[in-house]
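Numbering (the working numbering), first residue to last: 1 to 155. Glycine included, every Cβ here is placed at the ideal spot set by N, Cα and C. Report on the following structure.
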């Protein structure tokens, strides 16, 4: 789930999923956008690789989509539509992964509850690991790693 496919997040999502389709063809991928896409080229690119793109589903549709998935991944950067959707969904009883497209160190802080919520939290930059050294995380178990938005996949 992403707010849209604009700029860096659109490139990251399309690069990862297009590569996944080519290398792991037995898995089905869908992208849910909580808002209208900012850039249609990523929607076309995903669709051309048989990746379904669902735009602005109703809450009931979104609950149905989440209910049918094996892994629910959220592209995070404090977008109001993502926050609204997560709050509306309530508890998600699926494997959940958050991929943060913000460092969380300055503006656009990543709430510590959000770091604890998913099965796995992915930072875009190694500098974000500094968050986990803050006193609020002492004694807490956070399953986190770093994957660059460039994902190491050549153009």
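Rounded to whole angstroms, residue 65 and residue 27 show a C-alpha spacing of 15 Å.
If you look at residue 33, you'll find it in the beta strand (DSSP E) that goes 30-33.
As DSSP reads the structure, residue 120 sits in a beta bridge with 97. The residue from 102, 148 and 97 with its alpha-carbon nearest to that of residue 142 is 97. The DSSP-derived three-state label of residue 54 is strand. Taking 8 Å as the cut-off, the beta carbon of residue 129 is found no closer than this to the beta carbon of residue 137. Rounded to whole angstroms, the Cβ separation of residue 101 and residue 9 is 5 Å, and the two are in contact under 8 Å. Using a Cβ distance threshold of 8 Å, residue 86 and residue 42 do not count as a contacting pair. In terms of Cβ geometry, residue 53 and residue 33 form a close pair [threshold 8 Å]. Residue 139 and residue 125 have their C-alpha atoms spaced approximately 23 Å apart.
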